[in-house]
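Position one of the sequence shown corresponds to residue 3 (our numbering), numbered consecutively onward.
The C-beta atom is built at its ideal place from N, Cα and C for all residues, glycine as well.
Comments concern the structure below.
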Amino acid sequence: MHKVIHGVIILTMLLVAGNSWPKQEQKVDSSIQLAVDLTDGSHIIGASNIKTVSVRTQYANIDIALEKIAAIKFNDDHETASFELQNGDKLSGIVKLAPVELETIFGKVKIGAEHITHLAVSVAGTLPATLNHGLILHYTFDKKEGTKIADKSGQGHDGRIKGVNSQDNDGPVCSGVLPVVNGLMTGAFRCDGVNDVILAGDLGYQPQGTLSFWMKADAIENWRNAFSTDYANGDRCLRFEEAADGTFGVGLGPSLGGRPYTNGLQLGKWYHVAFAWTTNQFTGWIDGQQAFSEQHNNQLFLNFNNVAIGNGYSLDPHRHWKGLIGGVRIYNRVLKSDEVRLLKGRCQ
Ligand SMILES: [Ca+2]
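See below:
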């Protein structure tokens with residue numbers, strides 16, 4: 003927060019002291035958002051007037067449409083940069099970038115290219131390609147594949163469905179059940195609250211990372227688990243649990259206890275839940291808002307021995323989630339708050 007405010011002040015000064023705005027305003031395309039990191043540590047998000055970015059590579063001069071760009075990382079000389087495109091292509095060269103004008107929640111700002119270290123592009127209706135960086139598991143539940151849930155991360159962590167049989171009204175639920183469809187999240191998995199679970203297997207030791215998933219409770223009861231990093235195996239894991247009094251939190255086994263995301267969990271409402279950790283810090287967000295953030299001294303249990311969606315702690319039926327789980331992601335990196343907000347979606 004401090005850094006953001008600091009950035010606002012500097013940018014406001016730049017605005018006052020800097021160039022005046024063009025008399026005839028260029029149209030800003032609000033469907034394309036830029037997230038800009040600055041040399042002083044500030045981080046600013048807004049819609050931009052930029053249409054293309056010109057880059058001179060070893061081979062050619064290229065004008066790249068902004069919506070084709072995923073991210074630009076500037077080198078220390080603030081002239082050369084490496085590009086990542088939305089289709090995964092990479093290139094580097096000398097960049098010619100006019101001052102970037104952003105429409106932000108605190109007004110318009112103009113940022114000289116020499117202040118920018120990194121620039122990420124997000125196009126409405128899709129998630130930025132940079133949100134695929136560091137994914138080690140990604141379930142979209144967008145089609146039924148027998149007892150398998152396909153892992154879209156490319157890391158081969160397909161899920162195995164247990165407890166679902168043909169007469170049950172459970173299992174993968176396809177097409178548009180999530181409240182926000184980002185183009186990637188089109189389905190969910192319905193857990194019957196008795197024995198349904200998806201087992202993702204052993205993901206090994208994860209010294210840092212982020213978990214992200216959507217959930218909707220069809221029952222608010224003691225002590226149903228939406229997610230656990232060690233299926234039915236007690237407290238030596240991270241596990242996400244509701245209680246009859248409407249609390250929903252994460253259990254930070256074996257020694258740190260629980261931290262609440264909300265004390266007012268509502269029946270039948272979709273929530274986006276995220277949790278990021280390192281060996282000395284953890285942070286939780288619900289619906290894109292930070293719920294807690296703390297330091298610790300390597301006290302989390304970070305062996306992801308038997309990742310389970312829809313169960314935690316034990317095999318008792320009341321430990322199984324009753325409701326829907328969607329858009330499950332596990333990263334091996336800590337997401338920034340604005341990346342979590344993008345996962346949550348921009349509208350509700
Ligand atoms: Ca079942």
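One thing to note: Phe229 has its Cβ within 7 Å of the Cβ of Phe215.
The three-state reading of DSSP puts Lys346 in helix, counting H, G and I together. The beta carbons of Leu68 and Ile107 sit no closer together than 7 Å. Annotation: Gly314 to Gly158 spans about 23 Å, alpha carbon to alpha carbon. Short note on Val196: C-beta closer than 6 Å to some heavy atom of ligand 1. For Thr149 and Arg162, the gap between their C-alpha atoms comes out near 6 Å. When rounded, the separation of the alpha-carbon atoms in Pro262 and Val125 is 33 Å. Under a 10 Å Cβ-count criterion, Asp65 is classified as exposed, with fewer than 16 other Cβ atoms of the shown protein chains found around its own Cβ.
Gly165 has its CB nearer than 6 Å to a heavy atom of ligand 1.
Under the criterion of beta carbons closer than 8 Å, Leu137 and Arg343 do not qualify as touching, at roughly 18 Å.
The beta carbon of Glu341 lies closer than 7 Å to those of Leu133 in the same chain, with the five residues before and after it left out. Residue environment analysis places Glu86 among the buried positions, since at least 16 neighbouring C-beta atoms fall within 10 angstroms of its C-beta.
The Cβ atoms of Tyr207 and Leu304 sit closer than 7 Å to each other. C-alpha of Lys75 to C-alpha of Lys154: approximately 26 Å in a straight line. Of the residues Val57, Phe284, Leu269, the one whose Cα lies closest to the Cα of Ala276 is Phe284. According to the DSSP assignment, Pro262 belongs to the beta strand (DSSP E) that extends over 260-264. Only residues of its own chain outside the window of five on either side were considered, and among them Tyr141, Gly161, Ile200 have a CB closer than 6 Å to the CB of Ile151, listed in chain order. In the DSSP secondary-structure assignment, Thr82 is bridged to Ile96. A direct Cα-Cα distance of roughly 9 Å separates Asn308 from Asn235.
The Cβ-Cβ distance between Arg241 and Gly253 falls below 7 Å. The Cβ neighbour count for Ser44, taken over all protein chains shown within 10 Å, is at least 16; the residue is labelled buried. If you check the CB distance, Leu326 and Arg192 come in under 7 Å. By alpha-carbon distance to Gly114, the top candidate from Leu93, Gly211, Glu81, Asn227 is Glu81. Trp279 is bridged by DSSP to Gly211, Phe284. When the five nearest sequence neighbours on each side are left out, the beta carbons in the same chain lying within less than 7 Å of the beta carbon of Ala245 are those of Asn224, Trp225, in order along the chain.
Under the three-state reduction of DSSP output, Glu244 falls in the strand class.
Ala83 and Asp204 have their C-alpha atoms roughly 38 Å apart.
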